[in-house]
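A quick write-up on the structure given underneath.
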């Protein structure tokens, strides 16, 4: 069975500082990994994905994620946080079943202070 | 191109009733997945439909069911509602099976 762990319920960072939201995964075979963001009373918005290739993946709104196979991690990063980045972030994994089913982590609330 | 739409956006029901939620995927997307989001359990997969066939199902009781029509629109039904069914129900559509595009969700409150 596949699983995702987001060890931090909340991450606090000051505007302009770099941010990291952590994610580790467990899946059989090579993973398909995703990051989504959710703003209040909204659905999930796709940020980026890792399928294969470069370990550093660039996504929307200046976010990027680093895939580390040996540590089974896929941490989300941004060099300079904005107050508007404050939201709930979800890491997700899809296995090789060929289906679209995503297994999500429990989410990490990112709070960026002015 | 229009995004994923879900109707209704908000719904209030009482225990024992049943409810039907609707999802219209992005044009051309044939895969539709449903997820339940609650504060306690987070995001949990309900089921996925592709070309009118359910091809994957999560660990939910039989009170939860769904279907997909020939135009890829999908509905999910919950019968004999329980208080614990109160949640945000999210629908997502996919073209290639990689990234999923989510709708705004239907907020179901069971009293």
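Chains as they are written, first to last, in the numbering used here: chain A, -18 to 95; chain B, 12 to 122.
The beta carbon of each residue, even a glycine, is placed where N, CA and C say it ideally should be.
Chain-order list of chain A residues neighbouring residue 36 of chain B: empty, with the shortest C-beta distance near 11 Å, by a criterion of under 9 Å. Residue -15 of chain A places its beta carbon less than 8 Å from that of residue 73 of chain A.
Within chain B, 54 have C-beta atoms less than 7 Å from the C-beta of residue 71 of chain A, given in sequence order. Contact between the stretch 101 to 120 of chain B and the stretch 28 to 43 of chain B is present, with at least three C-beta pairs closer than 8 Å.
A buried status is given to residue 89 of chain B, since no fewer than 16 other beta-carbon atoms sit within 10 Å of its beta-carbon. Between the alpha carbons of residue 66 of chain A and residue 94 of chain A lies a gap of roughly 10 Å. Within the same chain, and ignoring the five residues on either side of residue 84 of chain A in sequence, the residues whose Cβ sits closer than 7 Å to its Cβ are -17, -16, -15, 73 and 74.
Nearest C-alpha to residue 82 of chain A among B:51, B:18, B:55 and B:24: B:55. Within 7 Å of the CB of residue 82 of chain A, the CB atoms of chain B belong to 44, 56, 59 and 67, in sequence order along the chain. Look at residue 101 of chain B: its C-beta is under 8 Å from a C-beta on chain A. With contacts defined as CB atoms closer than 8 Å, residue 110 of chain B and residue 15 of chain A qualify as a contacting pair.
At a cut-off of 8 Å between beta-carbon atoms, residue 50 of chain A makes no contact with chain B. The stretch 69 to 87 of chain B makes no contact with the stretch 14 to 28 of chain B; the number of CB pairs closer than 8 Å stays below 3. For residue 75 of chain B, the enclosing beta strand (DSSP E) has its first and last residue at 75 to 79. As DSSP reads the structure, residue 42 of chain B sits in a beta bridge with B:61 and B:105. Separation of residue 25 of chain A and residue 114 of chain B (C-alpha to C-alpha, rounded to the nearest whole angstrom) is 7 Å. Spanning the alpha carbons of residue 35 of chain A and residue 11 of chain A requires a straight line of approximately 14 Å. In the DSSP assignment, residue 48 of chain A falls within the beta strand (DSSP E) that extends over 45 to 49.
As DSSP reads the structure, residue 85 of chain B sits in a beta bridge with B:34 and B:79.
Runs of the beta strand (DSSP E) spanning 3 or more residues and lying entirely within the stretch 2 to 84 of chain A occur at 5 to 7, 13 to 19, 25 to 31, 37 to 39, 45 to 49, 54 to 59 and 68 to 75, in chain order. Between residue 113 of chain B and chain A, the shortest Cβ-Cβ separation is below 8 Å.
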